[in-house]
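Encoded as structure tokens, the structure appears first; notes follow it.
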Amino acid sequence: MSGEQVAENLIALESLRAAYEIEAAEGEASEAALALAWLALTCILRECSSVGTAQWQYVLPNKRKSKVKHPYEAFEQRQRMFALDLMYARRFSGSADVVCGDARDYVDESEFDLVVTSPPYPNNYDYADATRLEMTFWQQVESWGDLHQTVRKHLVCSCSQRSAADRMDLGRVLDNSQIDPIKGELERVCAQLDEVRLTKGGRKTYHTMVAAYFSGLASVWIALRRQIADGGQVVFVIGDSAPYGVYVPCEVWLGELAVAAGFKGYSFHKIRDRNTKWRNRKHRVPLKEGILRVEG
80 MSGEQVAENL IALESLRAAY EIEAAEGEAS EAALALAWLA LTCILRECSS VGTAQWQYVL
140 PNKRKSKVKH PYEAFEQRQR MFALDLMYAR RFSGSADVVC GDARDYVDES EFDLVVTSPP
200 YPNNYDYADA TRLEMTFWQQ VESWGDLHQT VRKHLVCSCS QRSAADRMDL GRVLDNSQID
260 PIKGELERVC AQLDEVRLTK GGRKTYHTMV AAYFSGLASV WIALRRQIAD GGQVVFVIGD
320 SAPYGVYVPC EVWLGELAVA AGFKGYSFHK IRDRNTKWRN RKHRVPLKEG ILRVEG
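The numbers in the sequence shown follow our numbering, run straight up by one, and end at 375.
Right, dumping it as structure tokens:
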């Protein structure tokens, strides 16, 4: 993609954003139409950018895509896709409610028979950084520090960027009584990580990240137990982890925390092996991904 094409795409994206902001300010468009326009524009940013991106990935400035769409074309195509989706959805009765809240303290009078989700895997992905392109475009953040204050600090801690930025104290995190069922094993693994990191150049704070991760998920289980009807089920798609080569048995610890929160029991079914594809991986500890089923 030439420099002229890059400039043309940036100008087109800027004009689309300006048009959206004018419509939002004048108040003539419906809230639903504005929401769909915002979503469509947000969705096309990566396919209109020449830098290496995927729909969920970090931006990779040193890589370039061979095919890049023009923003006007991409925006129209996305809106058409939304329209077709909405027409298809009309075939089904009923409706869905979208509730914005924190899974660690969510409270609702309803009871649910089934919860299916996939929580963050520890030390697998910085979900806040994955929003940087979109939030920068919408002028919601200007720097990595803004990203942390706006997004990352509100998420369940699953990456060392979070625990390092918050300067987490291991002892204070481990004082959470909600993690008592796994505290002995967790302390042992965290102590090992603290020791190993001193031999590494980056000295990443995996020891506090792991402790904070299970502290956060313990709160999720307690909140979920209040919402799940007797006989209900929770299904987690999860993966284990081995930061600095120190193994973290996620499915076991999450299952034990669920039982401690009041669930009856748990089972785990492996779907696939992980850490086998890339030759440049940091360690060779066998990892897996699978389904954790918890009975209400």
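Where is the CB? At the ideal position from N, CA and C, for every residue including glycine. Note that the structure is a prediction, hence the values are computed from the model and not measured.
The distance from the Cβ of A112 to that of Y151 is about 18 Å, inconsistent with a contact at the 8 Å cut-off.
DSSP, reduced to helix, strand and coil, places N141 within a strand of the structure shown. Counting along the chain, the unbroken alpha helix (DSSP H) around R251 starts and ends at L249 to L253.
The shortest C-alpha to C-alpha distance from P198 to any of A86, D319, S222 and V252 is the one to D319. Buried is the label assigned to A116, since at least 16 other Cβ atoms lie within 10 Å of its Cβ.
Inside the region 316 to 345, DSSP marks whole alpha helix (DSSP H) runs of 4 or more residues at positions 329 to 339, from first to last along the chain.
Shown here, V147 sits in coil according to DSSP, grouped into three states, outside any helix or strand. The C-beta distance from E213 to Q312 rounds to 34 Å, too long to fall under 8 Å, and the pair is not in contact. In this structure the region 337 to 354 does not touch the region 279 to 287; the number of beta carbon pairs closer than 8 Å is below three. Take F154, set aside five residues on each side of it, and the residues of its chain with a beta-carbon closer than 7 Å to its own are L95, A119, L120 and I123, in chain order.
Here the alpha carbons of F171 and V178 stand approximately 21 Å from one another.
Burial check for W300: the Cβ neighbour count within 10 Å reaches 16 or more, so the residue is buried.
Exclusion of the five residues before and after R276 leaves R282, K283, Y285, H286 and Y323 as the residues of its chain whose Cβ lies within less than 7 Å of its Cβ. Looking at the DSSP output, G369 bridges to I317 and K349.
Counting only runs of at least 3 residues, the region 218 to 245 fully encloses no beta strand (DSSP E) element at all. By the Cβ-count criterion, I101 is exposed, with fewer than 16 other Cβ atoms from all chains shown falling within 10 Å of its own Cβ. Distance from the CA atom of L333 to the CA atom of K146, rounded to whole angstroms, is 42 Å. With a cutoff of 8 Å on beta-carbon distance, A297 and F191 are scored as not near each other. If you compare the alpha carbons of V314, H233, D259 and R183 with that of A207, the shortest gap goes to H233. About 7 Å separates the Cβ atoms of Y292 and V235, confirming a contact at the 8 Å cut-off. With contacts defined by Cβ atoms closer than 8 Å, S129 and K144 form a contacting pair. Contact between F315 and T196 holds, with the beta-carbon distance rounding to 6 Å and staying under 8 Å. Closest by C-alpha distance to I258, out of Y99, S294 and V194, is S294.
Taking 8 Å as the cut-off, the beta carbon of A244 is found closer than this to the beta carbon of H227. Secondary structure note for D208: it is in no alpha helix (DSSP H), with a DSSP letter that is neither H nor E. In this structure, Y185 sits away from S237, with a CB-CB distance that is not shorter than 8 Å. In terms of Cα proximity to L303, the closest of Y326, I317 and L336 is L336.
The continuous alpha helix (DSSP H) containing L296 extends over residues Y285 to Q306. D192: member of the beta strand (DSSP E) spanning F191 to T196, first to last residue. Residue pairing of Q312 in beta bridges, as defined by DSSP: L193 and E374.
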